[in-house]
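Undergrad: Just dropping this structure here.
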Amino acid sequence: MGKLLARHRTGCVLPPSPGTLDVQRGPTRIALVRLEILGAHAGADHPRALNPASPRMQQEPVELAAFSKSRSVPNIYDRSQLKRYMRPSVPFDLSEGHATFLDRDRNVPRPASLVPIFESLRVAGLDERELASADVVTWRGNFAKILGTPWNTRDAWHMEAELVHGVAVLNVLEPPAALSREANRRGRDALMAYWGYSFEEACTGGVYDAPIDCLDAFCAVVR
31 MGKLLARHRT GCVLPPSPGT LDVQRGPTRI ALVRLEILGA HAGADHPRAL
81 NPASPRMQQE PVELAAFSKS RSVPNIYDRS QLKRYMRPSV PFDLSEGHAT
131 FLDRDRNVPR PASLVPIFES LRVAGLDERE LASADVVTWR GNFAKILGTP
181 WNTRDAWHME AELVHGVAVL NVLEPPAALS REANRRGRDA LMAYWGYSFE
231 EACTGGVYDA PIDCLDAFCA VVR
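Using our numbering, you'd call the opening residue of the sequence shown number 31 and step up by one each time.
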């Protein structure tokens, strides 16, 4: 059991709380997950060991801090990139705007720096309190890699880990094969990878009058 501070593109802080799983989903860049892991060593007196079918308690994630990202300003500690949901007119073409799409550099082995997570907490005046009670800090997407491993039969992944004042800091390190595959993605594979960005554009009032830039993002740090 532990505390985790991690990032749609993601980060998390995880406090110890038996029987709890907190997950933030959606277009934010950072999320906090609270996990309970039971193994063969779990005592017979553990409530879920006695009744494994008992329901888990759930708690709504709490936003601690936020920041915005863009190509011109990598990190700005405000909510300027937060967009409101606007119901799109359907049907619509997810491929619209693909010809002018601005992607990130797919040759960077460490594409997701953890610095803005720590800095956004500092700007909010919460760094000392939240990090003192956290067990893990990482981007939300790293949980997808870890938890999806049993079903991943194709893509290798690497994770860097560092223990800083008792807090486990995890960061993705893209392996060479993955970098090569992403950098050389063409045709329908490249188009399908774009559809997610296009869907977000359509659902936030976008009219495709300017290129969609994957570096534009609003990121929330949650516990």
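All C-beta atoms in this analysis are idealised placements derived from N, C-alpha and C, irrespective of residue type, glycine included. In this text the structure is predicted, and so the values were computed from the model without any measurement.
For Val153, name the three-state secondary structure that DSSP assigns.
TA: Reduced to three states, the DSSP call for Val153 is helix.
Undergrad: Three-state secondary structure (DSSP) at Ala174?
TA: Of the three classes helix, strand and coil, the one that applies to Ala174 here is helix, per DSSP.
Undergrad: Using three-state DSSP, classify Val197 as helix, strand or coil.
TA: Residue state, collapsed to three classes: strand.
Undergrad: Just grab the DSSP bridge partners of Leu256 for me.
TA: What is shown of the chain runs 31 to 253, which leaves residue 256 out entirely.
Undergrad: Check each candidate in Leu245, Asp243 and Phe229 and name the one with the smallest Cα separation from Val120.
TA: Taking only the C-alpha atoms, the option nearest Val120 is Phe229.
Undergrad: Is Val237 helix, strand or coil by DSSP?
TA: DSSP places Val237 in coil when its eight states are reduced to three.
Undergrad: Quick one: measure Cβ to Cβ for Thr168 and Asn201, integer angstroms, because I've assumed they're closer than 8 Å.
TA: Confirmed, Cβ separation roughly 7 Å.
Undergrad: Does the distance from the C-beta atom of Pro91 to that of Arg253 stay below 9 Å?
TA: Result yes, Cβ atoms of Pro91 and Arg253 sit closer than 9 Å.
Undergrad: Is it right to say Ala232 is buried, meaning 16 or more other beta carbons lie within 10 angstroms of its own, or is it exposed?
TA: Its Cβ being crowded by 16 or more others within 10 Å, Ala232 is buried.
Undergrad: Which value, in whole angstroms, describes the spacing of the CA atoms of Leu65 and Asp239?
TA: Model confidence at Leu65 stands at a pLDDT of 37, short of 50, so the residue's coordinates are unreliable and nothing is read from them.
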